[in-house]
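Each remark here refers to the structure printed beneath this line.
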Amino acid sequence: MVLDQTVIVERDGVKLAVKKFSDLPGLKWILSLPFKALYPFTLSACERLKREYTFFKGEHEKFKTPKVYLVDWKEKILEREFIEGVKLSEADVVEAAGILASTLAWLHREGWCLGDSKPSNFILKNRTVYIIDGEQAVRNSSENYRVWDLAFSLFSLGASKPLDTMMDSYDMKILRRFSHSYLKAGGRLSLLKLAVRALNLPPA
10 MVLDQTVIVE RDGVKLAVKK FSDLPGLKWI LSLPFKALYP FTLSACERLK REYTFFKGEH
70 EKFKTPKVYL VDWKEKILER EFIEGVKLSE ADVVEAAGIL ASTLAWLHRE GWCLGDSKPS
130 NFILKNRTVY IIDGEQAVRN SSENYRVWDL AFSLFSLGAS KPLDTMMDSY DMKILRRFSH
190 SYLKAGGRLS LLKLAVRALN LPPA
């Protein structure tokens, strides 16, 4: 099976990320199929390229996306700015939870939903957050899609353990920071409650 591949190249002293979208879907998107009732995941290489391009070219107030330098629609290739920074997946998990939640609140207020909202798709550079993957991003007002973003982010951060291991644990710190930051940045409490309920977590 051919998977999407991103390679880093240097041209005229500038680093670029060159992403090839495969017509044969990667394993992670095949595994997403059971969740299509919760989020409109697509396996189509053309559609994923279109979504990423549209998201990257959009105007965003509180976070940034990489600059797009070239799109080859026939070969399904996107060349973008390479972002040097710290992935939230590599940062302190409690701090990452706060940054991730704030960014999702800003994203949702703009009318976007990300789909693939795991911490490794967010990079912190000079106190600015960059979202570097938008191939499942859609502009939509669906509450279900926003709840998916929140639940998947919390799951990826590790705040998804059974109730008996959550109370007064490090995972509760993650959940509290995530919840506080999402609401402070303008996120809706009703969506957060639905995400927490979906993961069978105690209230923060």
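Position in the sequence shown (first residue = 1) + 9 = the working numbering.
Backbone N, C-alpha and C fix where the C-beta goes; we use that ideal spot for every residue, glycine too.
- VAL95 has LEU133 as its beta-bridge partners, per DSSP.
- Contact between LEU133 and LEU123 does not hold, since the beta-carbon distance rounds to 16 Å and is not under 8 Å.
- Out of THR51, GLU88, GLU84, the CA that lies nearest to the CA of ILE17 is found in GLU88.
- When SER199, PHE91, ALA146, PHE50 are compared, the shortest CA-CA separation from THR15 is found for PHE91.
- Counted as a single uninterrupted DSSP element, the beta strand (DSSP E) harbouring THR15 occupies residues 14 to 20.
- Residues of the same chain with a CB within less than 6 Å of the CB of TYR154, apart from the 5 flanking positions on each side, are TYR48, CYS122 in chain order.
- Two segments are said to touch when three or more pairs of C-beta atoms, one from each, lie closer than 8 Å; by this definition the stretch 181 to 188 does not touch the stretch 66 to 85.
- Between LEU113 and SER162, the gap from beta carbon to beta carbon is short of 8 Å.
- No residue range can be given for LEU208, since it is assigned to no alpha helix (DSSP H) and is classified by DSSP as neither H nor E.
- The beta carbon of GLU93 is closer than 6 Å to none in its chain, skipping five residues each way along the sequence.
- One thing to note: TYR139 has its Cβ no nearer than 8 Å to the Cβ of PHE50.
- Between VAL156 and ALA110, the C-beta spacing is not below 8 Å.
- DSSP places ARG197 in the coil class of the three-state scheme, outside both helix and strand.
- Between ALA106 and LEU25 a beta carbon distance of about 31 Å is seen, past the 8 Å cut, so the two are scored as non-contacting.
- Annotated as distal: LEU97 and ILE86, with beta-carbon spacing of 8 Å or more.
- Residue GLU119 holds the alpha-carbon nearest to the alpha-carbon of GLU70 among ARG136, GLY22, ARG148, GLU119.
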